[in-house]
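Counted the way this note's numbering counts, the first sequence spans residues 11 to 567.
Using N, Cα and C, we set each Cβ at its ideal position, and we do this for glycine too.
No experiment lies behind these values; they were computed from the predicted model shown.
Step one of this worksheet: look at the structure below.
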Amino acid sequence: MSILTSKKEQLSLEIVKALRQAQAEGQLNFTELPDFTVEVPREKEHGDFATNVAMLLSKENHKAPREIAQIITEHFVNVQDWLEKIEIAGAGFINFYLGTAWLYQVLPQVINEDERYGCSNFGGGQRVQVEFVSANPTGLLHMGNARGAALGDTLCNVLAAAGYEVTREFYINDAGNQIENFGKSLEARYLQLLGHDVVFPEEGYHGADLIETVKNIIAEVGDKYLGVEATLRREFLIQKALQEKLSNIKKDLARFGVEYDVWFSEQSLHDSGAIAQTIQELQQKGLVYEKEGALWLKTTEFGEEKDEVLLRSNGLATYFAADIAYHQNKFKRGFEKVINIWGADHHGHVARMKGAMQALGYAPEDLHVILMQLVRLLRGGEIARMSKRSGQYITLSELIDEVGRDAARFFFVMRSPDSHLDFDLDLAKTETADNPVYYVQYAHARINSILLASTEEPVASREVDFTLLKETEEIALIRKIAEFPDEIVGAAVNYEPHHLTHYAHELASLFHSFYNSCRVLTDDAALRQARLFLVDAARITLRNVLLLLGVNAPEKM
RNA sequence: GUGCCCGUAGCUCAGCUGGAUAGAGUAUUUGACUACGAAUCAAAGGGUCGCAGGUUCGAAUCCUGCCGGGCACGCCA
11 MSILTSKKEQ LSLEIVKALR QAQAEGQLNF TELPDFTVEV PREKEHGDFA TNVAMLLSKE
71 NHKAPREIAQ IITEHFVNVQ DWLEKIEIAG AGFINFYLGT AWLYQVLPQV INEDERYGCS
131 NFGGGQRVQV EFVSANPTGL LHMGNARGAA LGDTLCNVLA AAGYEVTREF YINDAGNQIE
191 NFGKSLEARY LQLLGHDVVF PEEGYHGADL IETVKNIIAE VGDKYLGVEA TLRREFLIQK
251 ALQEKLSNIK KDLARFGVEY DVWFSEQSLH DSGAIAQTIQ ELQQKGLVYE KEGALWLKTT
311 EFGEEKDEVL LRSNGLATYF AADIAYHQNK FKRGFEKVIN IWGADHHGHV ARMKGAMQAL
371 GYAPEDLHVI LMQLVRLLRG GEIARMSKRS GQYITLSELI DEVGRDAARF FFVMRSPDSH
431 LDFDLDLAKT ETADNPVYYV QYAHARINSI LLASTEEPVA SREVDFTLLK ETEEIALIRK
491 IAEFPDEIVG AAVNYEPHHL THYAHELASL FHSFYNSCRV LTDDAALRQA RLFLVDAARI
551 TLRNVLLLLG VNAPEKM
């Protein structure tokens with residue numbers, strides 16, 4: 011548990027004790043303990059921690075909140091040794107001042123834990139599976155995929171740091187209509203490249219990357235599939251092309267710092283009979299019926315507006331049916347929490363997937379879907395709409411070439427998934443201080459050069475007098491460092507990795523302020539040692555948060 | 001028409017399980033390098049939190065309605 015959390019809990023216990031004592035003495039009335047909070051106030055003038063408990067008891071007791079706060083504080087006993095001051099303020103807040111001694115404990119802790127600093131066992135090893143990107147393997151990765159990759163990978167890092175056991179998974183959509191369409195497109199390109207005048211399918215994949223793929227295939231097998239029966243020829247081209255596309259996707263994601271534990275094939279669900287089995291299971295529960303030659307799932311029983319088709323009248327399973335089988339498979343593998351990161355254009359799919367999970371006997375809330383609003387690409391101030399069909403989109407690979415992995419990952423995670431992301435290519439291309447990632451990285455590089463310039467012999471932390479760190483900037487920096495483990499837990503439980511980019515920026519900012527007002531390599535040896543410890547703790551924390559974001563922590567820039 | 005997301009400083013966005021004077025970056029203006037990296041710091045101005053009601057001791061945050069923008073409503077995936 012972090013020092014911050016333990017202080018909060020300590021205060022909560024004291025508050026409860028005071029409440030019960032006041033109740034026993036007949037000064038306060040409550041049937042059950044109020045659900046109060048102990049928080050770090052936004053304004054540091056409001057103390058180290060504050061509670062709203064008095065306001066919550068106001069109504070039941072027919073007393074003003076400040077009056078209740080007075081009663082509560084009078085019942086605090088034997089706290090003088092660690093509580094410097096209690097104050098009633100504002101509308102009835104109770105503010106607690108703990109002094110600074112407790113804060114200094116965090117510095118040796120950071121140095122000790124080093125790359126583990128910030129990690130906790132909050133998740134208790136709960137098994138979580140995160141499925142993200144899952145791009146169609148028929149083309150290249152676009153900005154939406156890139157956002158999903160940065161978001162998903164960072165979320166996984168955060169969850170792992172918070173003590174969850176995380177599995178990263180990519181669902182390969184290698185079945186269904188778009189694969190057939192893919193096959194037709196490949197075949198047309200194959201024939202065209204070998205000098206045959208064939209019409210390219212209108213709904214086909216027009217991207218130039220497909221031509222490259224087919225050229226590669228021709229380089230390998232030549233024209234020997236010209237004479238092969240069309241179904242077999244398409245099948246061959248599909249397998250070959252999928253292989254290449256997937257390997258490229260893997261390569262691009264790896265360049266982006268994203269590595270998966272599992273690549274899960276949709277086709278395997280068809281081949282293994284898993285889909286048929288899932289449908290049968292739903293049938294046995296009486297949730298399936300036939301209409302107009304198709305098989306329908308009664309999703310209306312789970313709050314949907316209409317029922318959904320599982321098996322089309324041509325006998326083929328829908329994407330929905332395959333996805334139900336896939337998600338059932340996830341739960342069968344023992345994941346306690348299943349998280350999907352989808353584009354907002356899939357939002358209609360969320361409720362019915364949850365409904366289907368409920369139908370199969372799983373708790374719908376164990377499936378959590380993060381919807382990302384779409385990425386809009388700006389070029390020259392104009393919105394460039396991405397289109398797979400036209401092939402006119404910027405790929406992840408190109409983005410990394412242009413703006414670099416660090417900037418791209420930081421930018422994608424910086425915004426809440428709910429927010430539309432305008433990615434200004436021109437701006438991102440300019441490597442200036444406009445880019446917040448440089449600001450954070452600069453702090454790290456700066457610390458590193460201080461440590462390089464120092465000729466200090468290492469000393470044990472117990473020999474360092476941390477109480478010398480009493481400047482406002484020093485206390486603020488320590489406080490922010492102390493918040494890191496709680497920051498990670500907060501980002502993990504709410505699935506909000508974007509908080510970490512803000513945290514990184516704040517931490518860097520506090521360091522820069524400190525740097526400008528406090529000289530580290532001062533002649534005062536005791537102060538110098540204390541500050542070197544502080545700076546090193548800041549370095550470790552900055553590096554760790556950047557690591558979670560998948561961003562490099564450079565020693566110089 | 002129905003559903004989901006968004007609307008906060010000139011611009012890009014945080015803050016949303018209700019809490020104290022609504023924050024940051026950027027842009028603008030003004031200061032700070034003969035000491036550890038000026039890719040930095042310090043300071044100023046900039047707001048009907050889309051609008052209108054409601055709940056509450058207290059609302060940017062919750063509820064209802066409306067306005068504006070995006071997305072989705074297929075036996076596609």
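Three-state secondary structure assigned by DSSP to residue i
i    : result
K365 : The residue asked about is misnamed: residue 365 is Gly in this sequence, not Lys. G365: helix per DSSP, three-state reduction.
T328 : coil
I491 : helix
R199 : helix
E497 : helix
Y452 : helix
W273 : strand
F103 : strand
T511 : helix
T167 : The question names Thr, yet the displayed sequence has Asn at residue 167. It is helical.
L556 : helix
F10  : What is shown of the chain runs 11 to 567, which leaves residue 10 out entirely.
R399 : Note that R399 has pLDDT 37, beneath the 50 cutoff, so the model's placement of it is unreliable and no number is given.
V231 : helix
T41  : coil
A284 : helix
V89  : coil
L520 : helix
Y525 : helix
E55  : helix
V268 : coil
Continuous alpha helix (DSSP H) stretch holding residue i: start and end
i    : result
Q249 : A240 to R265
M382 : Careful: M382 lies outside any alpha helix (DSSP H), inside the beta strand (DSSP E) at L377 to M382.
Y114 : A111 to Y114
E473 : Note, E473: premise wrong, no alpha helix (DSSP H); not H, not E.
G29  : Before going further, note that residue 29 is Leu rather than Gly in the sequence given. Residues I13 to A34.
Cβ neighbours of residue i in the same chain (closer than 7 Å, five flanking residues each side left out)
i    : result
Y372 : F341
N554 : E125, Y127 and G128
L558 : T164, N167, V168, A171 and L510
D475 : A536 and A540
Bounding residues of the beta strand (DSSP E) (the contiguous stretch that carries residue i)
i    : result
D434 : L431 to D434
I570 : Absent from the structure is residue 570, since the part of the chain shown begins at 11 and ends at 567.
N350 : K347 to G353
F59  : F59 to T61
Q139 : R137 to E141
F312 : Looking at the DSSP string, F312 is not in any beta strand (DSSP E), and its letter there is neither H nor E.
V176 : E175 to I182
V298 : V298 to K301
V385 : V385 to R389
V530 : No beta strand (DSSP E) contains V530, which DSSP labels as neither H nor E.
Close beta carbons around residue i, own chain, < 6 Å, minus the five adjacent residues each side
i    : result
F312 : G365 and Q368
E251 : In the sequence under discussion, the amino acid at residue 251 is Ala, which differs from the Glu named in the question. L196 and T223, listed in sequence order.
K255 : P147
R265 : I410
L23  : none
K54  : none
K398 : In this prediction, K398 has a pLDDT of 40, which is less than 50 and means its spatial position is unreliable; what the coordinates show is noted afterwards. Once the five neighbours on either side are set aside, the close Cβ partners of K398 are G149.
Rounded distance between the beta-carbons of residue j and residue i, thought under 8 Å
i    : j    : result
G114 : T477 : In the sequence as presented, Gly is not what sits at residue 114; that position holds Tyr. Their Cβ separation, rounded to whole angstroms, is 7 Å, which keeps Y114 and T477 in contact under 8 Å.
L29  : L21  : Actually they do not touch by this definition, with Cβ atoms about 12 Å apart.
A32  : I81  : 5 Å
I285 : A331 : 6 Å
V450 : L321 : Going by Cβ atoms, the distance from V450 to L321 rounds to 52 Å, so no, they are not a contact pair.
L14  : E493 : 6 Å
V319 : H337 : Not really, about 17 Å apart at Cβ, beyond 8 Å.
I488 : L479 : 7 Å
E276 : N350 : That belief does not hold up - the Cβ atoms of E276 and N350 are roughly 14 Å apart, past 8 Å.
Other residues of its chain near residue i: CB distance less than 8 Å, five sequence neighbours each side excluded
i    : result
I121 : S471, F543, D546, A547 and I550
E302 : S323
F345 : R137, V138, Q139 and T177
Indicate whether the contact test is met: 3 or more Cβ pairs, each with one atom in the stretch 429-436 and one in the stretch 377-386, closer than 8 Å.
-> yes
Kindly confirm or deny that the stretch 97-105 and the stretch 64-78 touch, where touching means at least three C-beta pairs closer than 8 Å.
-> yes
Pairing CB atoms from the stretch 165-174 with CB atoms from the stretch 203-219, are three or more of them under 8 Å?
-> no
Counting pairs of Cβ atoms below 8 Å between the stretch 84-94 and the stretch 131-149, do you hit three or more?
-> no
Between the stretch 149-156 and the stretch 491-505, are three or more C-beta pairs nearer than 8 Å?
-> no
Are the stretch 214-223 and the stretch 179-197 in contact at 8 Å, needing three or more beta carbon pairs?
-> yes
For the stretch 407-424 and the stretch 155-163, state whether three or more C-beta atom pairs, one from each stretch, are separated by less than 8 Å.
-> yes
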